[in-house]
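Student:
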Amino acid sequence: MNELDTVVTVMASPIVTFSAVNPVCEGIAPFILSQAAEINSIAGVGIYSGNGADSVGLFSPLQAGLGIDTIHYTFTAQDGCNASAQQPVLVYPQPVVSAGPGRELLAGGSLVIAASASGNNLTYLWTPNLAIVGTTVLQPTVSPATDITYTLTVTSSDGCSSEDSMHVTVLQTPLIPNAFSPNGDGINDRWVIPYLNSYPNVTVEVFNRYGQPVFSSGGYNTPWDGTYNGTPLPVGTYYYIIDRKIAGAAKLIGSVTIIR
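Each residue of the sequence shown is one higher than the one before, counting from 0 in numbering that gives the first Met the number 0.
1) Kindly list the residues whose CB is nearer than 7 Å to the CB of residue 219, restricted to its own chain and excluding five residues on each side of it in sequence; keep chain order.
2) Could you give the distance in angstroms between the alpha-carbon of residue 252 and the alpha-carbon of residue 232?
3) Near residue 117, which residues of its chain fall below 6 Å by C-beta distance, leaving aside the five closest residues on each side in sequence?
4) Judging by CA-CA distance, which residue of 138, 152 and 38 is the nearest neighbour of residue 113?
5) Look up residue 196 in the DSSP assignment and say whether it is helix, strand or coil.
6) For residue 206 and residue 256, what's the separation of their Cα atoms in angstroms?
7) Pair every Cβ in the segment 34 to 50 with every Cβ in the segment 58 to 70, then say whether three or more of these pairs are closer than 8 Å.
8) What are the boundary residues of the beta strand (DSSP E) that includes residue 87?
9) Would you decide whether residue 18 is buried or exposed? Buried here means 16 or more other CB atoms lie within 10 Å of its CB.
10) Going by other Cβ atoms of all chains shown within 10 Å of its Cβ, with 16 needed for buried, is residue 41 buried or exposed?
11) Looking at the structure shown, is residue 248 part of a helix, part of a strand, or coil, going by DSSP?
12) Within a Cβ cutoff of 6 Å, which residues of the same chain sit near residue 87, ignoring the five residues on either side of it in sequence?
13) Quick check on residue 13: does DSSP put it in helix, strand or coil?
14) Mind checking which residues open and close the alpha helix (DSSP H) that includes residue 61?
15) Measure the CB-CB distance between residue 160 and residue 152 and report whether it falls below 8 Å.
16) What are the complete beta strand (DSSP E) segments, minimum 3 residues, inside the segment 183 to 240?
17) Excluding the five sequence neighbours on either side, which residues of its own chain have a C-beta within less than 6 Å of the C-beta of residue 37, listed in chain order?
18) When burial is assigned at 16 or more other CB atoms within 10 Å of the CB, is residue 45 buried or exposed?
19) Could you tell me which residues DSSP puts in a beta bridge with residue 38?
20) According to the neighbour-count rule (16 or more other Cβ atoms, all chains shown, within 10 Å of its Cβ), is residue 111 buried or exposed?
21) By a C-beta neighbour count over all protein chains shown, 10 Å radius and 16 as the cutoff for buried, is residue 181 buried or exposed?
22) Does the segment 97 to 105 come into contact with the segment 162 to 179, if we say contact requires no fewer than three beta-carbon pairs (one atom in each stretch) closer than 8 Å?
23) Can you pull the DSSP bridge partners for residue 45?
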């Protein structure tokens, strides 16, 4: 070799590939990006970078933000040579949905669910399809016979979905006995009124035949035992007014007889 000759070492240059990334919805969980790689089997290290991406390629749409971001993949060989590739990632907005607050409904009645939602060209779906008119509208009318939870799923034209639920509590009509026997035998000793405790603000008033009050209660957790100020009342007919304190619920008026 001539002493003026120069030795030049040519290093192999890495070649990288980075597969396209499909558009994603803002609300999905972080995921590993489509695999980028060096295809010449050259030893080295590859690193991802860009909004929402960590160095190993875990991508968070929420951290990236809406719109188009560019994710870069850079491979650096052990000999110091490097190559890079990039792909755009489009993040669609997540719909915002509220199924509305929980509601109370008198048995036999109906209500319109006060749901709201925003997003791109939304479609709606309510489940379950039970006692509901309009499963594909935002604010359907429901008339369930028993307590139920309805779930609203909204889907944008971008294919992004969100859901929320609301509960309907059905207040059954109280079953008011027209007599009870407070004689201490442990059978029918109190004026037990099924379903009345479902109305927490109910007021119960009982009067004798002269219109004098003999019992009153706010709420009805403890049924009346047929006494007045601790003294057993005589056999006879008494008159009640029950106010459930619920909009649309008429006062319940009638009579109850104490027998022994």
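Backbone N, C-alpha and C fix where the C-beta goes; we use that ideal spot for every residue, glycine too.
Tutor: If we stick to the structure as given:
1) As a position in the sequence shown, residue 219 is number 220, starting the count at 1. Excluding five sequence positions before and after residue 219, the CB atoms of its chain that fall closer than 7 Å to its own CB belong to 192, 195, 196, 201 and 203, given in chain order.
2) Counted from its first residue, the sequence shown places residue 252 at position 253. Counted from its first residue, the sequence shown places residue 232 at position 233. The straight-line gap from Cα to Cα measures roughly 20 Å.
3) Residue mapping note: residue 117 aligns to position 118 of the sequence shown, counting from 1. So the list reads 95, once near-sequence residues are dropped.
4) What you label residue 113 is simply residue 114 of the sequence shown in a count that begins at 1. Nearest C-alpha to residue 113: 138.
5) Along the sequence shown, one-based indexing puts residue 196 at 197. The answer is helix: DSSP assigns residue 196 an H, G or I state.
6) Here residue 206 refers to the residue found at position 207 when the sequence shown is read from its first residue. Here residue 256 refers to the residue found at position 257 when the sequence shown is read from its first residue. When rounded, the distance between both Cα atoms is 11 Å.
7) yes
8) Here residue 87 corresponds to residue number 88 of the sequence shown, with the count starting at 1. Looking at the DSSP string, the run of the beta strand (DSSP E) that includes residue 87 is 81 to 91.
9) Taking the sequence shown and counting its residues from 1, the one referred to as residue 18 is at position 19. Classification for residue 18: exposed.
10) Against the sequence shown, residue 41 aligns to sequence position 42. Buried: at least 16 other Cβ atoms inside 10 Å.
11) Position 249 of the sequence shown holds residue 248. DSSP places residue 248 in coil when its eight states are reduced to three.
12) For the purposes of this step, residue 87 is taken as residue 88 along the sequence shown, with counting starting at 1. Cβ neighbours of residue 87 beyond the five flanking positions: 67 and 69.
13) Position 14 of the sequence shown, counted from the first residue, corresponds to residue 13. Correct three-state label for residue 13: coil.
14) Within the sequence shown, numbered from 1, the residue matching residue 61 stands at position 62. It spans 60 to 63 - the alpha helix (DSSP H) in which residue 61 sits, taken as one unbroken run.
15) The count along the sequence shown starts at 1 and reaches residue 160 at position 161. The count along the sequence shown starts at 1 and reaches residue 152 at position 153. Closer than 8 Å, so yes.
16) 202 to 206 and 212 to 217
17) As a first step, residue 37 must be located in the sequence shown, where it is residue number 38. Within the same chain, Cβ atoms closer than 6 Å to the Cβ of residue 37 are found at 13, 15 and 74, the five residues on either side in sequence being excluded.
18) Residue numbering aside, residue 45 sits at position 46 when the sequence shown is read from its first letter. Result: buried.
19) In the sequence shown, counting from the first residue as 1, residue 38 sits at position 39. Beta-bridge pairing links residue 38 to no other residue.
20) Translated into the one-based positions of the sequence shown, residue 111 becomes position 112. By the neighbour-count rule (16 or more Cβ atoms within 10 Å), residue 111 is not buried but exposed.
21) As a first step, residue 181 is located in the sequence shown; it is residue number 182 there, counting from the start. Buried, by the Cβ-count rule.
22) yes
23) Stepping through the sequence shown from its first residue, residue 45 is reached at position 46. Beta-bridge pairing links residue 45 to 74.
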